[in-house]
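Working notes, beginning with the structure itself.
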Amino acid sequence: MTGQRERGADERNANSSTHRTTSRRVYHVLLALSLAACRGPARAPDRLTMLVLSRPEHLDPRHPEDALGASLGKLLYRGLMEGDPVTFLPRPALAVGANWVDATRYRVTLRSDARFHDGTPVTADDVVATYESVLDASQHSRLRTTYARLLRAVRAVDPRTIDFELHRPDGSLETLLQLGILPQRDARALERRPEEIAREALVGSGPMRLARYAPDSLSLDADGAGAAFRALDVVTLHDPNTLALRLLHGEGDVAELKPELYPLFEGRADFEVASARTSGMTYLGVHCEHGALVDVAVRRALAMAIDRASLQRAMLGARAVASTGVLPPSHWAYTSEVARYPSTRPPRAGRWSPRGGRARRRCGSRCGSPRSASRSPSRRPSRRCSTTSASRSTSVRPSSRRCSPTCARGASTSRCSRCPT
106 MTGQRERGAD
116 ERNANSSTHR
126 TTSRRVYHVL
136 LALSLAACRG
146 PARAPDRLTM
156 LVLSRPEHLD
166 PRHPEDALGA
176 SLGKLLYRGL
186 MEGDPVTFLP
196 RPALAVGANW
206 VDATRYRVTL
216 RSDARFHDGT
226 PVTADDVVAT
236 YESVLDASQH
246 SRLRTTYARL
256 LRAVRAVDPR
266 TIDFELHRPD
276 GSLETLLQLG
286 ILPQRDARAL
296 ERRPEEIARE
306 ALVGSGPMRL
316 ARYAPDSLSL
326 DADGAGAAFR
336 ALDVVTLHDP
346 NTLALRLLHG
356 EGDVAELKPE
366 LYPLFEGRAD
376 FEVASARTSG
386 MTYLGVHCEH
396 GALVDVAVRR
406 ALAMAIDRAS
416 LQRAMLGARA
426 VASTGVLPPS
436 HWAYTSEVAR
446 YPSTRPPRAG
456 RWSPRGGRAR
466 RRCGSRCGSP
476 RSASRSPSRR
486 PSRRCSTTSA
496 SRSTSVRPSS
506 RRCSPTCARG
516 ASTSRCSRCP
526 T
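Mapping the sequence shown onto the working numbering, position 199 (from 1) lands on 304, and the numbers just tick up by one.
Put into structure tokens, the structure is as follows:
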């Protein structure tokens, strides 16, 4: 009787799996056939249309909330420095020169041709006002804790020279200098929500300017000559299937796709599915001071038990690589000398189960942020720590996500020394 029940359950599971696979294939076929007879209207070749699943919550660089908003904000606003897209090393943007005056004072000189979109020059007063607004508690900037821990004051020496005074020597200052600079009048104002942005023009100094803002779409126009395209339209479609249909109809050039929809575009002559390494990651966060999770052996057991290969295939469309920490190998602060937890032999996790008298180690640091796409490095103390992570490769022109290169103790390492897992 038991054997019959087991065989019956196996047959039902097999039938269910076959049904899901068949349904998925039929859906893809019907979706492709429904598009065969119609294509979208022709669009200007120098106008790029991006289809996304959620609208950017903020374009103000002082209030990063999502990866898309941060990426678009970098097109609107330039910082004194910018990060190299491959190595993440800071390089000059609005700055023409920078040097350490002493161990705790860093001097930056602005470019003489630095201009905002309205033609007014970028001055030291604009830089000071932008950083002071981040440090102002009434502005409620998410960056305040990180910046206030490092910066003691920001002062204008002359119209093109700014001094950054630090509480103590710190080699990570140039990372904080990538904050987009606002005109002084805008920096003094309180944060503006999306509905307020629709009524007011945003003035930055980036390669593009805001031309139109609506609840589910926005347009950016290139500022000056030499741009790869004249305009960028960002259209929000909250349903992934609708987004795929629009892209297949020819109503978009670049799209944010779910991995399960990649097969619709692979092998088609009119589409290019591009993959690239990014700094994005997916990881399991645990409360290091809760119950059994205080025990480092339990956290190691969790790390050993995670089947990373299966997760990569099922959740990320096999376009991912296992990571060794919060930093990608291309990052300047990356190190491979970290603990590794291979998931090729999950049964080993049992060996790490806690035993009586096992020493306990407490952890109170955040080694990575689940929403770090676009934020500057965070050192805010937290009761969460990263147990494992997987660096994600993305497809079909993905938006980049960035992760914090520093831990709560301020160490520029790929893992927190207080968090063994």
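Yeah, the Cβ is synthetic: ideal placement off N, Cα and C, and Gly gets one too.
Alpha-carbon to alpha-carbon, residue j and residue i
i: R467; j: V403; result: Any reading at R467 is ruled out, since the residue's pLDDT is 44, under 50, leaving its predicted position unreliable.
i: P482; j: M313; result: A caution first: P482 carries a pLDDT of 39, below 50, which makes its placement in the model too unreliable to give a value.
i: V210; j: G188; result: Residue 210 is actually Arg in this sequence, not Val. Rounded to the nearest angstrom, the two C-alpha atoms are 21 Å apart.
i: V443; j: P288; result: 43 Å
i: G385; j: M420; result: 14 Å
i: S435; j: L194; result: 10 Å
i: T235; j: A200; result: 15 Å
i: S159; j: A208; result: 44 Å
i: R183; j: A316; result: 17 Å
i: R167; j: I267; result: 19 Å
i: V262; j: P368; result: 57 Å
i: L140; j: H354; result: Because the pLDDT of L140 is 47, which lies under 50, any placement of that residue in the model is unreliable, and the number read from its coordinates should be weighed accordingly. So the two alpha carbons sit approximately 6 Å from each other.
i: K363; j: L180; result: 25 Å
i: F221; j: V227; result: 6 Å
i: L398; j: R247; result: 28 Å
i: A349; j: H343; result: 11 Å
i: G422; j: E365; result: 6 Å
i: G430; j: T383; result: 13 Å
i: Y446; j: I411; result: 9 Å
i: D375; j: L352; result: 11 Å
i: R405; j: E371; result: 38 Å
i: G202; j: S310; result: 18 Å
i: E270; j: H245; result: 22 Å
i: R260; j: S238; result: 13 Å
i: H163; j: A414; result: 35 Å
i: A142; j: V391; result: In this prediction, A142 has a pLDDT of 43, which is less than 50 and means its spatial position is unreliable; what the coordinates show is noted afterwards. Approximately 50 Å between the Cα atoms of the pair.
i: H395; j: Y388; result: 18 Å
i: A149; j: H272; result: 52 Å
i: T347; j: V378; result: 18 Å
i: L407; j: D400; result: 11 Å
i: P345; j: E170; result: 21 Å
i: A319; j: M409; result: 47 Å
i: Y252; j: T440; result: 25 Å
i: P274; j: V233; result: 20 Å
i: Q283; j: G276; result: 14 Å
Endpoints, alpha helix (DSSP H) assigned at residue i
i: P345; result: P345 to L353
i: R290; result: Q289 to A292
i: A408; result: V401 to A410
i: R418; result: R413 to L421
i: A229; result: A229 to L240
Range covered by the beta strand (DSSP E) that runs through residue i
i: T154; result: R152 to V157
i: L256; result: L256 to D263
Which residues DSSP lists as bridging residue i, in chain order
i: S324; result: R317 and D338
i: F269; result: Y211 and V259
i: G285; result: G184
i: A360; result: L156
i: P226; result: R220
Whether residue i touches residue j by CB criterion (8 Å)
i: R335; j: D151; result: yes
i: L185; j: V206; result: no
i: D223; j: V359; result: no
i: A242; j: R249; result: yes
i: L177; j: G357; result: no
i: L255; j: L281; result: yes
i: R265; j: L215; result: yes
i: I286; j: D326; result: no
i: L173; j: P161; result: yes
i: R418; j: S380; result: no
i: T341; j: S322; result: yes
i: T225; j: W437; result: no
Report task. Pick out the complete beta strand (DSSP E) segments inside the stretch 158–215, 3 residues or longer, and give them in chain order. Result -> 186–188, 195–197, 200–207 and 210–215
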